[in-house]
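Engineer: Structure incoming, see below.
Chains as they are written, first to last, in the numbering used here: chain A, 5 to 349; chain B, -11 to 335; chain C, 17 to 281.
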């Protein structure tokens, strides 16, 4: 039966295939849905097959180092010295936000307000009850129960954890000293769920729990998200506009190698736990036409991929940022000494 | 009785070949003619060599792969071994940020979850296999047999997802909470009943191991020659006696092979365990607490590990697992020797 | 005795039914024509898993072609020639150790020897990884089954002048046939649900498998990607694909058993 079905599949009509080019990329799990959607649409239009697979940010970095893929993707940016050592460039491709979610009967989504101090205190295991004075102070008028806080975090390594811990690291000296930032850390408190799905499942099941998930998961599962006070002192809510505000207000021009983490960015509306996902490419490209094809693809994503991204709850880059990226391509990417990219304008 | 049988057979073998030799003596060709084999014999001889050669080749291939994997594990573990030394085996610390790693919790988790899985799966498999071969009417036997084999076909990620989304809530409500209510004073049952943890992982592993062990055991029992069983029945043994004394004894080596198959699956299972064991790097006596196994830690953290020491520590975990399997094999080897001595081989 | 064993079987069946029920419930909705005929598509866009199905079939077939004979012959060696020799003990030891190696480690090993040197992922590497996992399982069951064939059978054949190779392949194999087939089926079932070894070898692909010498689409990694996503249609497809794998292996089992019975006649 398998064979009958597969012969059906082979002989049925399908989109124009990549006789021309196949481009392979691998890395971060976070942007997988949107990269694969962009690749799908691009393939329908041009016939070029960009194949992106999520094997993890660590995997993406390993593979681009080993040159087994044409481009890598990572949720955590590499520092300039590391980039230069390997001979690659990185640029942000898409933006997303990490959202604290809770399970507290009687509290509606978007009602609970948290501050950097309370959020870090909870995840450090120091604030143990929901009616702790520090939480009550910022939430006057909310009836907070005398219930223990159950912390849920990730069991597996992930870029989401990296962004979240990066934020906590920035705003809490104690977190910085005790825990630090990484894709997997030694959590002071709580239980671990596998993947965003696992964390979401636990939070939904355990009364009085708090966890953190990617924006898409919070949205799709209609979870109880909290507001968070940003560096401007305002309580921001996790929305696409506020993620973009964080990206737009960030100082990309002065970030060497685009090493910039979008957590705790300035701006009235900026969501404090925003993050960008990065693409990694070699400066020296062996095959000029392959390199040009790759850049054409990314260019298409930047210019025409907005609606596709938004449909999946991802946040496209602001135009100003894209200009900087294109500038980088023009200056840095070479094949046999000759530049590959020419700016359209 | 079995001991004697063994030597009887050995004798018989020698005897039969001696008889063959003796009776064919008059027909032996003269010396010159002995060396000349007819074409068919040459052909068979060559094929025999080819046969033995091919078999040996593939057997050695497996050895070569094992050595290859071992070498690669060693090579990539060196940085971690260099940094931590033996303390790696005993430290519970697991901190990617500070770069300090220890395998203790992983080793503990691997052993405990495997033990739970085997305790649950092996007796169950044995009994089911006996049911399928001895007691069940053929139609039911076939049906149930196929159903058990189907369990082997379920992708491990499905076990994981089913375990997390369906089984864990069930465990929490119907098993963990009642256990805590009645036996909460035993440290085994303390800790937050979340439906996940060591016990849940052990049960899921048992489910995954069951079809392998059971299918092989069933075939082992089927291979017991009816002659032997009937002889025993003829002497007036009950079904249970026949099963215990004859069927199981005859196939004990095969049964052990089945157990080893299941053990291997349990020890190395990656996907399913990561979903329900909670991935906590500390050792706790409670069965309800989260833990981790070597395989689950590898699966959870390998793709995202980015610094060399982290990667090396993870590979070292793999090396430790290899060594654990080595030790289990050596123990099994000696145990098997003892059983062989007391029970004899086959017919 | 009957009650105990009947009860045990019942427990086994119970869990199977439970899991099967859940998989069917969650995945049956995804099994439509486009599921079997269309490419993998982004979330929210209609599509199927046809390329993954083809990829998995190709990779598993290749893996079986390598792993099954290899395992069979290794088992034969142990049973026929290696029962008491030192080399035999070493081989047996290796097989038992290999059965317990986590599949992700096998994947990493094959990555080092078949992906890194060639600087690209490939379906061949994926097949190699699966074959390495299959071999020891097949070898273990083969040796055990062959050992269960009464020596008297082997000896009578040899005494009649049958050459060694024919005795084993023709007569002993036939006697142990059911058990051998079980071993092979178990090995295939084991690898058909594996994700980790394919991650760093065949990777995965959104496109039709034109050649096995590049990242190849496969069902298990697709299931993993879809299941861990927040999109309902992807999750449904993940369950549907799992149902497909289970059904496939079940059909294979039934087919193999029917063929075995036919041959016996």
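Where a beta carbon is used, it is the ideal one built from N, C-alpha and C, also for glycine.
Any C-beta of chain A sitting closer than 9 Å to the C-beta of residue 82 of chain B?
Structural biologist: Interface residue, yes.
Engineer: Please go through the same chain and pick out, in chain order, the residues whose beta-carbon is closer than 7 Å to the beta-carbon of residue 186 of chain A, but skip the five residues on each side of it.
Structural biologist: Here the set comprises 166, 169.
Engineer: Are the region 184 to 191 of chain B and the region 252 to 267 of chain B touching by the rule of at least three beta carbon pairs closer than 8 Å?
Structural biologist: Result yes; three or more Cβ-Cβ pairs closer than 8 Å.
Engineer: In its own chain, which residues sit with a C-beta less than 7 Å from the C-beta of residue 145 of chain B, not counting the 5 before and 5 after it?
Structural biologist: 259, listed in sequence order.
Engineer: With a cut-off of 9 Å, does the C-beta of residue 93 of chain C fall near any C-beta of chain E?
Structural biologist: No chain E is present in this structure, whose protein chains are A, B and C.
Engineer: Mind checking which residues open and close the beta strand (DSSP E) that includes residue 57 of chain A?
Structural biologist: Residues 53 to 58.
Engineer: Report the three-state DSSP secondary structure of residue 94 of chain A (helix, strand or coil).
Structural biologist: Residue 94 of chain A falls in the strand class under three-state DSSP.
Engineer: Please look up how many angstroms separate the CB atoms of residue 212 of chain B and residue 250 of chain B, rounded, as I've assumed it's under 8 Å.
Structural biologist: Contact flag wrong, Cβ pair sits at about 20 Å.
Engineer: Indicate whether at least one CB of chain A lies closer than 9 Å to the CB of residue 153 of chain B.
Structural biologist: Judged by the 9 Å Cβ criterion, residue 153 of chain B is in contact with chain A.
Engineer: What's the C-alpha gap between residue 141 of chain B and residue 129 of chain A?
Structural biologist: Distance between the alpha carbons of residue 141 of chain B and residue 129 of chain A: 43 Å.
Engineer: Taking the alpha carbon of residue 183 of chain B as the reference point, which residue from B/53, B/65, B/168, B/81 has its own alpha carbon closest?
Structural biologist: It is B/168.
Engineer: Can you tell me which of the three DSSP states residue 18 of chain A falls into?
Structural biologist: Below a pLDDT of 50, predicted positions are generally treated as unreliable, and residue 18 of chain A, at 39, falls in that range; the measurement from the model is reported next regardless. Of the three classes helix, strand and coil, the one that applies to residue 18 of chain A here is coil, per DSSP.
Engineer: So is residue 341 of chain B buried or exposed if we call it buried at 16+ other beta carbons inside 10 Å?
Structural biologist: The requested residue 341 of chain B is not part of the displayed model; chain B covers only -11 to 335.
Engineer: In chain order, which continuous runs of the beta strand (DSSP E) of length 3 or greater are located wholly inside the region 179 to 234 of chain C?
Structural biologist: Within the region 179 to 234 of chain C, no complete beta strand (DSSP E) run reaches 3 residues.
Engineer: Given residue 262 of chain C, which residues of its chain have a CB within under 8 Å of its CB, disregarding the five upstream and five downstream residues?
Structural biologist: Result list for residue 262 of chain C: 36, 39, in chain order.
Engineer: In chain order, what residues of the region 37 to 64 of chain A put their CB closer than 7 Å to some CB of chain B?
Structural biologist: For the region 37 to 64 of chain A, which is checked against every Cβ of chain B, the residues closer than 7 Å are 59, 60, 61, 62, 63.
Engineer: Quick check: is the beta carbon of residue 321 of chain B nearer than 9 Å to any beta carbon in chain A?
Structural biologist: It does not: the Cβ of residue 321 of chain B has no partner Cβ on chain A nearer than 9 Å.
Engineer: Give the range of the alpha helix (DSSP H) segment to which residue 286 of chain A is assigned.
Structural biologist: Per DSSP, residue 286 of chain A belongs to no alpha helix (DSSP H); it is in the beta strand (DSSP E), 278 to 286.
Engineer: How should residue 23 of chain A be labelled, buried or exposed, when 16 other C-beta atoms within 10 angstroms of its C-beta is the threshold for buried?
Structural biologist: Because residue 23 of chain A carries a pLDDT of 48, less than 50, the predicted location of this residue cannot be relied on, and the following value inherits that uncertainty. Per the 10 Å Cβ criterion, exposed.
Engineer: Compare the C-beta of residue 185 of chain A against all C-beta atoms of chain B and say whether one is closer than 9 Å.
Structural biologist: Residue 185 of chain A counts as touching chain B.
Engineer: Taking the beta carbon of residue 244 of chain C as the centre, do at least 16 other beta carbons fall within 10 Å, making it buried, or is it exposed?
Structural biologist: By the 10 Å Cβ count, residue 244 of chain C comes out buried.
Engineer: I need the straight-line Cα distance from residue 29 of chain C to residue 111 of chain A, nearest angstrom please.
Structural biologist: The alpha-carbon atoms of residue 29 of chain C and residue 111 of chain A are separated by roughly 44 Å.
Engineer: Taking the beta carbon of residue 164 of chain B as the centre, do at least 16 other beta carbons fall within 10 Å, making it buried, or is it exposed?
Structural biologist: Answer is buried; the Cβ neighbour count reaches 16.
Engineer: Could you tell me which chain B residues have their CB closer than 7 Å to the CB of residue 164 of chain C, listed as they occur along the chain?
Structural biologist: Per Cβ cutoff of 7 Å: 208, 211, 239, 242, 334.
Engineer: Span of the beta strand (DSSP E) holding residue 157 of chain A?
Structural biologist: Residue 157 of chain A -> beta strand (DSSP E) spans 154 to 158.
Engineer: Does the beta-carbon distance from residue 275 of chain A to residue 228 of chain A come in below 9 Å?
Structural biologist: Against a cut-off of 9 Å, the Cβ pair of residue 228 of chain A and residue 275 of chain A comes out as no contact.
Engineer: So, is the C-beta of residue 97 of chain C closer than 9 Å to a C-beta in chain B?
Structural biologist: Chain B contact via Cβ: present.
Engineer: Helix, strand or coil for residue 222 of chain B, going by three-state DSSP, please let me know.
Structural biologist: Of the three classes helix, strand and coil, the one that applies to residue 222 of chain B here is helix, per DSSP.
Engineer: Relative to the ligand ZN, is the shortest distance from any of its heavy atoms to the C-beta of residue 66 of chain C smaller than 8 Å?
Structural biologist: The ligand ZN is not among the ligands present in this structure, which contains no ligands whatsoever.
Engineer: Are the C-beta of residue 91 of chain A and some C-beta of chain C separated by less than 9 Å?
Structural biologist: So, not an interface residue.
Engineer: Measuring alpha carbon to alpha carbon, tell me which of C/275, C/235, C/215 ends up nearest residue 291 of chain B.
Structural biologist: For the residues C/275, C/235, C/215, the minimum Cα distance to residue 291 of chain B belongs to C/215.
Engineer: The beta strand (DSSP E) spanning residue 265 of chain A covers which residue range?
Structural biologist: Unbroken run through residue 265 of chain A: none, as it is neither H nor E.
Engineer: With DSSP as the reference, please indicate the residues paired to residue 240 of chain A in a beta bridge.
Structural biologist: BP columns for residue 240 of chain A point to A/232.
Engineer: Can you pull out the residues from the region 152 to 174 of chain B whose beta carbon lies closer than 8 Å to at least one beta carbon of chain A?
Structural biologist: Listed by position, the residues of the region 152 to 174 of chain B near chain A (Cβ gap below 8 Å) are 152, 153, 157.
Engineer: Could you pull the DSSP bridge partners for residue 118 of chain A from this structure?
Structural biologist: Beta-bridge pairing links residue 118 of chain A to A/232.
Engineer: Taking only beta-carbon positions, decide if residue 281 of chain B is within less than 9 Å of chain A.
Structural biologist: Residue 281 of chain B does not count as touching chain A.
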